[in-house]
Amino acid sequence: MAEKEVTLTENVKSPVSEFFRDLRSIFKLDELGQEIARIALPAALALTADPVASLVDTAFIGHIGPIEQAAVGVSIAVFNQASKIAIFPLVSVTTSFVAEEDTITKASLDLQDDKSKEQNEGDAEALDTDSPSNSESKSLIPKNDSTGSVCKSEKMASSFEVVKPKPEKRHIPSASAALIIGAVLGIIQAAFLIAGAKPLLKFMGIKPGSAMSKPAEDYLRLRSLGAPAVLLSLAMQGVFRGFKDTKTPLFATVAGDLANIILDPIFMFVFHLGVRGAAIAHVISQYLISVILFWRLMEKVDLVPPSLKYLQFARFLKNGFLLLVRVIAVTFCVTLAASLAARLGPTQMAAFQVCLQVWLATSLLADGLAVAGQAILASAFAQEDFSRCTATASRVLQLGVVLGLILALTLGVGLHYGARVFTKDVDVLHLIGIGIPFVAATQPINCLAFVFDGVNFGASDFAYSAYSMLTVAIFSIVFLLILSSSFGFIGIWVALTIYMSLRALAGFGRIGTGTGPWKFLKS
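According to my numbering, the stretch in the sequence shown is residues 550 to 1072, in order.
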């Protein structure tokens, strides 16, 4: 009886134990490890390229003055908030849908190929059975006559062997739908930001007539002209991620951001356009990225839909709305933090802007793991390969913790010496020094939170992601308001640390309890 109880206890699976699955194989370059690396590394580089370009903007503008640096920081926060609200749900949904559709399409094609092979083998056997004797079959072979017919046939056969049919373009409904929605949202966002620049900046704490007002308005309005390109390029990146191709977006993003870095000093200092020059350079780079991606996508996918039903807009809208709720909650916390910092004054805002850009740029490296996890998991769930689901989830989460620890150590040491790249103002540098411990220490938490997002998106668990994040945001907003009013700059960073900790805990909740799409962990 006792032996049976022990056996039953040993057979009960704990979902939490999946986090520690195959810990010794965390860096193993097996089939799964290679696939994660192949997707995650280019994705991480592509995701960090744009924040790095923003950091370059911040560094160049910092040499103009702290007021302009603070003004641009607020404008970037407003633009990023609007962009994330518009595009993040679309990108996340597109990646999962494209991965599912591509997996199902490939599976059906493989099934057709297997059936055709079986049919061909059956036909070959039938021909062998009904074929005449060897002597009779030899007599059917044409002889080499004066016309050289055999020679001609041999030449024709060889020529046919050389000619290879072009691969057919993929028919992926989600790709076409994503581009249409992205273009429409981009135009709406541009019109909204250009028309509402002044009231939006006022809401962010920049009063009309203040020293920060004009440079902030100029930068926001000009940069908003690139909104259609930003949303289109991100929608196309979602399609490529669904194909598990992150090298193409990396190439396009690096090309665009290099153009931005080259054009920044030219427009800002040679043409004496100041912050307006930084905005113009950024807009040009975004249109370059979208052109490169669109050209490459046209080679792979048939983007012309046969009908409106083919696009499945209802499916996008349903899941996109859930993620819209989530992304508003996510970005509102960061935007509120920037607004509270702006209300403290230009010195505090300039320091907060530098710390925030570094905080987000480095943490986004973990988004590469999130993208890899999402793409692989979406395919695994489509095939109902639950063993691969658990192996993928545990591997990317373990790698996320390791990445966070490396980033914490790197920033804790490096940012003390690198802060002068962004500003020479003594007061701003002092506040940056206060923010560095928070920026560095939160990296493992941030990485886990980002990777958990990718894991839950890969399981198409959009409802849980939305409602859990909404709960986290409510508590985080309360902490931000209380701590910022009591402790100022330090209070804001303490509240952001609490916010990211709650976000990671919410991500853990689904897999850790073995509920929703992860209920198979208990079986």
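Even for Gly, the Cβ is constructed at its ideal location relative to N, Cα and C.
- Rounded to whole angstroms, the separation of the alpha carbons of Cys882 and Ile1026 is 6 angstroms.
- Around the C-beta of Asp794, 16 or more other C-beta atoms lie within 10 Å, and the residue is accordingly described as buried.
- For Gly823 and Ile981, the gap between their C-alpha atoms comes out near 24 angstroms.
- Ala940 and Ile636 have their C-alpha atoms some 30 angstroms from each other.
- DSSP places Thr1020 in the uninterrupted alpha helix (DSSP H) bounded by 1011-1062.
- Closest option to Phe646, judged by alpha-carbon separation, among Arg864, Ala890, Gly1040: Arg864.
- Within the segment 565-620, the complete alpha helix (DSSP H) runs of at least 4 residues fall at 580-611.
- As the crow flies, the alpha-carbon of Ser782 is around 32 angstroms from that of Trp1067.
- Going by DSSP, Pro748 is part of the alpha helix (DSSP H) stretching over 746-752.
- Under DSSP, Arg937 forms no beta bridge with any residue.
- In this structure, Ala586 keeps its C-beta atom at 7 angstroms or more from the C-beta atom of Gly917.
- Phe1057 and Val1004 have their C-alpha atoms spaced approximately 10 angstroms apart.
- Only exposed fits Asp579, as fewer than 16 other CB atoms lie within 10 angstroms of its CB.
- Within the same chain, Cβ atoms closer than 7 angstroms to the Cβ of Tyr859 are found at Pro722, the five residues on either side in sequence being excluded.
- Of the candidates Leu842, Asn809, Arg845, Asn809 places its Cα closest to the Cα of Ile829.
- DSSP places Ile981 in the uninterrupted alpha helix (DSSP H) bounded by 975-990.
- For the pair His965 and Thr797, the Cα-to-Cα distance works out to about 35 angstroms.
- For Arg719, the beta-bridge partners assigned by DSSP are Val850.
- Here Ser759 carries a coil assignment [DSSP, helix/strand/coil].
- For Lys1071, the closest alpha carbon among the candidates Val642, Leu857, Phe935 is that of Phe935.
- Annotation for Ile588: Lys793, Thr795, Val920, Ala921, Ala924 place their beta carbon closer than 7 angstroms to its own, counting only its chain and skipping 5 residues before and after.
- Here Gly735 is buried, its C-beta having at least 16 other C-beta atoms within 10 Å.
- Excluding residues up to 5 positions away in sequence, Pro615, Gln618, Ala619, Val977 lie with their Cβ nearer than 6 angstroms to the Cβ of Ala899 in the same chain.
- Where Thr880 is concerned, the enclosing alpha helix (DSSP H) starts and stops at 862-893.
- The straight-line gap separating the alpha-carbon atoms of Phe816 and Ile610 is approximately 12 angstroms.
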